[in-house]
Amino acid sequence: MKRLAIAAVAVLAVYLLRLDRAAGLIVDDAWYALLAKALAQGDGFRLISSAVTPIMPAVPPGYPLMLAPLFLIRPAFPQNVFLLKAVSIAAMMGVGLVVYRYLVKYRETAAPMAAAIAAATVLTPAFVFLATSTLMAECVFTLGLVLTVMWLDRTARAQPTSQARCAAAAGMLAAATMLVRTAGAATFLGGLLFLLQQRAYRSAAAFTLVASLCLGPWMIYSTRHAPTLSQSAEHGGTIAYSYADLLSMVSPRIPRLGRIHAADLVPRIRTNLIGILGRDVGGVLVPSLFRGADESGEEVVALAGSTATIVSSMGGSPVTVTITLMLSAIVLVGFIRALRRGVTAAEMVVGVSLAVLLTVPTATFRYVLPLTPFLLFYFVTGLEAMTRAPLAARIAVMCVLGLQLQDHAGYIALKLRDPARLDWLRDARGAAELTDWMNANLEGEGAVASTNPGLVYLLTGRKTVATDEFSRGWERWKASGVRYIVALRPLALPSKSLTYRLLYQSPHRIFW
2 MKRLAIAAVA VLAVYLLRLD RAAGLIVDDA WYALLAKALA QGDGFRLISS
52 AVTPIMPAVP PGYPLMLAPL FLIRPAFPQN VFLLKAVSIA AMMGVGLVVY
102 RYLVKYRETA APMAAAIAAA TVLTPAFVFL ATSTLMAECV FTLGLVLTVM
152 WLDRTARAQP TSQARCAAAA GMLAAATMLV RTAGAATFLG GLLFLLQQRA
202 YRSAAAFTLV ASLCLGPWMI YSTRHAPTLS QSAEHGGTIA YSYADLLSMV
252 SPRIPRLGRI HAADLVPRIR TNLIGILGRD VGGVLVPSLF RGADESGEEV
302 VALAGSTATI VSSMGGSPVT VTITLMLSAI VLVGFIRALR RGVTAAEMVV
352 GVSLAVLLTV PTATFRYVLP LTPFLLFYFV TGLEAMTRAP LAARIAVMCV
402 LGLQLQDHAG YIALKLRDPA RLDWLRDARG AAELTDWMNA NLEGEGAVAS
452 TNPGLVYLLT GRKTVATDEF SRGWERWKAS GVRYIVALRP LALPSKSLTY
502 RLLYQSPHRI FW
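Start counting the sequence shown at 2; every next residue gets the next number (this note's numbering).
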């Protein structure tokens, strides 16, 4: 117990030493903060930043609801950023504890190995980056996913008199997870299939009923208040479109390209399969083999097709793909061995999640990341099966932990010694300098079209619309009161045939 406490303190120290004031650069995390602010102010769950119709967003309300009370404690953004990030840091500490308990109790894993896998999960650079340098929802989502899996397994092992009660608890957790991210639908479906596979029909009914009762009010409300397609197009950005619409689009960032056809699913599935097996697994398990410590955790944007500004050394290089394919093969062997031992909730949830990921129209890394504790478990199980030597698995996990600690140490040293070398922090300063300039120099009314409308509104108070294609909405924006365009990622200036003046351009990035 003493060793676990020491390990927990060491892990928390890594998070605190990496904590910074950057927030909103991924775009989605700016929307989360804006929606939390709207809820705290009593403005409802809608885009209060909109220069046109303040529509209801596509994201579910769970994570903004968790952040909203913190806006009541300290309303000013970005002065409250550390307080907001505390939610994700606390969630990751919870992930470590739950993963340890799950592995020991439900996977019969030896305590030292369970502790190592739990620590490796929490110290995964992508998770640390998300918790300390963004306001994204993945950390909270991961906690909900692992808790749901644990309670599903608890249901399967419970006495008949308490199975329904355990299934109801699992249903509430599955619903809560889905209210944080819609991707939680795969967790619900996997859990239901697991209970049916176990022939626990009463438990499956209780699981489904409770989850439906928890999700029902939001589903009804979101359906009744969903924006029209014209309102979504008027505002722009993926935040304005439902997940059903985004899944059916050729490109979520360019709705005008239209919808996919059945034949288009084949190349999408092939691309995503290659991405998961040849890129994402390596980005989760050993990212420091593919990039320097100055980019620690930025595989979240480098491998996720983000609109953030970062240019990373990670990607589809032959070395990255080769190493990742080897790691994926080990994980697959472990998954198969786990299936042969007896199907648990994890196998169903992971299997359904990966199957769903094959159809998404965006890069898959941020969807794979919440599966990290299970990928690590299958990695260990696969090594044990291939080598028949538990020592090899223990050495491999310690190597993963060693690489993670080296990565964090390098990043923290740079942050303390030469923060200008960290592109993410430099971009955060660049965004703040641009919006500070706007506050000091722009007078009178005037809305903004931007690549990051949520962050521009939070930092300037000016109404916004979203766009990545500046030339297409010019006249419509004028009619809506838009007077300024702000690019918070490298983007070419509009055509000179359009009448405009360049008012500001950042020195280190193409922010303008």
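Note that the Cβ used here is the ideal one computed from N, Cα and C, for glycine as well.
Bear in mind the structure is a predicted one, so any value in this text is a computation, not a measurement.
Out of A115, C167, A364, V99, point me to the one whose CA is closest to T143's CA. Walking along the sequence shown from the start, residue 143 turns up at place 142. Closest by alpha carbon: V99.
Which listed residue (D419, Y505, R422, A414) has its alpha carbon closest to that of L443: By one-based count along the sequence shown, residue 443 stands at place 442. Ranked by Cα distance from L443, the options D419, Y505, R422, A414 are led by Y505.
How should H409 be labelled, buried or exposed, when 16 other C-beta atoms within 10 angstroms of its C-beta is the threshold for buried? Reading the sequence shown from its first residue, position 408 is the one you call residue 409. With 16 or more other CB atoms across the displayed protein chains lying within 10 angstroms of its CB, H409 is buried.
L557 versus P218: straight-line alpha-carbon distance, rounded: Missing from the structure shown is residue 557; the chain here goes from 2 to 513 and no further.
Please return the same chain residues whose Cβ sits closer than 8 Å to the Cβ of V282, not counting the five positions on each side in sequence. Position 281 of the sequence shown, counted from the start, is the residue given in the question as residue 282. Cβ within range, chain order: T325, L328, S329, V332, V369, L376.
Cβ neighbour criterion (16 or more within 10 Å) applied to D265: Locating residue 265 in the sequence shown gives position 264, counting from the first residue. Under this definition D265 is an exposed residue.
Roughly how many whole angstroms lie between the Cα atoms of V28 and L136? On the sequence shown, position 27 is the one that residue 28 refers to. On the sequence shown, position 135 is the one that residue 136 refers to. For V28 and L136, the gap between their C-alpha atoms comes out near 10 Å.
What is the rounded straight-line gap between the Cα of A414 and the Cα of F128? Working through the sequence shown from its first residue, we reach residue 414 at position 413. Working through the sequence shown from its first residue, we reach residue 128 at position 127. In a straight line, the C-alpha of A414 is about 19 Å away from that of F128.
What residue range does the alpha helix (DSSP H) around V466 cover? As a first step, residue 466 must be located in the sequence shown, where it is residue number 465. From DSSP, V466 is part of no alpha helix (DSSP H) but of the beta strand (DSSP E) over 465-467.
Output needed for A421: all residues of its chain with C-beta closer than 7 Å, excluding positions within five of it in sequence on either side, in chain order. Mapped onto the sequence shown, residue 421 falls at position 420. The answer, listed in chain order, is R427.
Would you tell me roughly how many angstroms separate the C-alpha atoms of F512 and V487, rounded to the nearest one? In the sequence shown, counting from the first residue as 1, residue 512 sits at position 511. In the sequence shown, counting from the first residue as 1, residue 487 sits at position 486. Looking at the two C-alpha atoms, the distance is approximately 8 Å.
In whole angstroms, what separates the C-alpha of S51 from that of S297? In the sequence shown, the residue the question calls residue 51 occupies position 50. In the sequence shown, the residue the question calls residue 297 occupies position 296. Taking the straight line joining both Cα atoms gives about 34 Å.
Between which two residues does the alpha helix (DSSP H) harbouring Y379 extend? Your numbering for residue 379 matches position 378 in the sequence shown. It spans 373-388 - the alpha helix (DSSP H) in which Y379 sits, taken as one unbroken run.
Across the segment 162-179 and the segment 198-209, are there enough close Cβ pairs to call them in contact, namely three or more that are closer than 8 Å? yes
Measuring only the C-alpha atoms, how far is A23 from L124? One-based indexing of the sequence shown puts residue 23 at position 22. One-based indexing of the sequence shown puts residue 124 at position 123. For the pair A23 and L124, the Cα-to-Cα distance works out to about 19 Å.
Endpoints, the alpha helix (DSSP H) within which Y222 is located: By one-based count along the sequence shown, residue 222 stands at place 221. Element bounds for Y222: 202-225.
For H509, count neighbouring Cβ atoms within 10 angstroms of its own Cβ and tell me buried if that reaches 16, exposed if not. In the sequence shown, residue 509 corresponds to position 508, counting from 1. So H509 ends up on the exposed side.
Assumed close pair T436, V457 - CB separation to whole angstroms, cut-off 8 Å: Along the sequence shown, one-based indexing puts residue 436 at 435. Along the sequence shown, one-based indexing puts residue 457 at 456. Correct: roughly 7 Å between the Cβ atoms.
Taking all protein chains shown into account, decide if C400 is buried (16 or more other Cβ within 10 angstroms of its Cβ) or exposed. For the purposes of this step, residue 400 is identified with residue 399 of the sequence shown, where counting begins at 1. Per the 10 Å Cβ criterion, exposed.
Please name the residue, chosen from V285, G191, T452, L460, that lies closest to K38 on a Cα-to-Cα basis. Taking the first residue of the sequence shown as position 1, residue 38 is located at position 37. For the residues V285, G191, T452, L460, the minimum Cα distance to K38 belongs to L460.
Neighbour-count burial assignment, R342, 16 or more Cβ in a 10 Å radius: Position 341 of the sequence shown, counted from the first residue, corresponds to residue 342. Exposed, since its Cβ has fewer than 16 Cβ neighbours within 10 Å.
Identify, in the order they occur along the chain, each residue of the same chain with its Cβ nearer than 7 Å to the Cβ of A353, setting aside the five sequence neighbours on each side. The residue you call residue 353 lines up with position 352 of the sequence shown. Ala is not the amino acid found at residue 353; the sequence shown has Val there. Excluding residues within five positions, the ones whose Cβ falls inside 7 Å are A187, L190, G191, L194.
Pair within 7 Å by beta-carbon distance, P65 and L40: Numbered from 1 along the sequence shown, position 64 holds the residue referred to as residue 65. Numbered from 1 along the sequence shown, position 39 holds the residue referred to as residue 40. Going by C-beta atoms, P65 is nearer than 7 Å to L40.
Specify whether the segment 197-204 and the segment 151-169 touch according to this definition: at least 3 beta carbon pairs, one from each stretch, less than 8 Å apart. yes
Ignore the nearest five residues each way along the sequence and tell me which others in V351's own chain have a CB closer than 7 Å to its CB. Sequence index remark: in the sequence shown, residue 351 carries index 350 (1-based). Hits under 7 Å: L372, F375.
Among L131, A121, A9, the one whose alpha carbon lies nearest that of A397: For the purposes of this step, residue 397 is taken as residue 396 along the sequence shown, with counting starting at 1. Out of L131, A121, A9, the CA that lies nearest to the CA of A397 is found in A121.
From L359 to L392, what distance separates their C-alpha atoms? For this step, residue 359 is matched to residue 358 along the sequence shown. For this step, residue 392 is matched to residue 391 along the sequence shown. Cα to Cα, L359 sits roughly 35 Å from L392.
Using 10 angstroms around the beta-carbon of M179, count the other beta-carbons present and answer buried if the total reaches 16, otherwise exposed. The residue given as residue 179 occupies position 178 in the sequence shown. Classification for M179: buried.
Thinking C-beta only, is A390 closer than 7 Å to V334? Numbered from 1 along the sequence shown, position 333 holds the residue referred to as residue 334. Numbered from 1 along the sequence shown, position 389 holds the residue referred to as residue 390. It is not a contact, given that the beta carbons lie outside the stated cut-off.
Based on Cα-Cα distance, which residue from A176, R477, G45 lies nearest to L146? Position 145 of the sequence shown, counting from 1, holds the residue named residue 146. The shortest Cα separation from L146 among A176, R477, G45 belongs to A176.
Which of helix, strand or coil DSSP assigns to A41: Numbered from 1 along the sequence shown, position 40 holds the residue referred to as residue 41. DSSP places A41 in helix when its eight states are reduced to three.
Identify whether R166 lies in helix, strand or coil by the three-state DSSP scheme. To locate residue 166, count along the sequence shown from 1; it is residue 165. Reduced to three states, the DSSP call for R166 is helix.
Secondary structure, alpha helix (DSSP H): runs of 4+ residues fully inside the segment 294-361: Taking only runs of at least 4 residues, the alpha helix (DSSP H) segments lying wholly in the segment 294-361 are 300-303, 319-342, 346-358.
In whole angstroms, what is the alpha-carbon distance linking T365 and V322? The residue labelled residue 365 in the question sits at position 364 within the sequence shown. The residue labelled residue 322 in the question sits at position 321 within the sequence shown. Taking the straight line from one Cα to the other gives about 15 Å.
How big is the Cα-Cα spacing for A69 and A34? Counting from 1 along the sequence shown, the entry for residue 69 is found at position 68. Counting from 1 along the sequence shown, the entry for residue 34 is found at position 33. Rounded to the nearest angstrom, the two C-alpha atoms are 8 Å apart.
Please report the distance separating the alpha-carbon of P525 from that of P61. Since the first and last residues shown for the chain are 2 and 513, residue 525 lies out of range.
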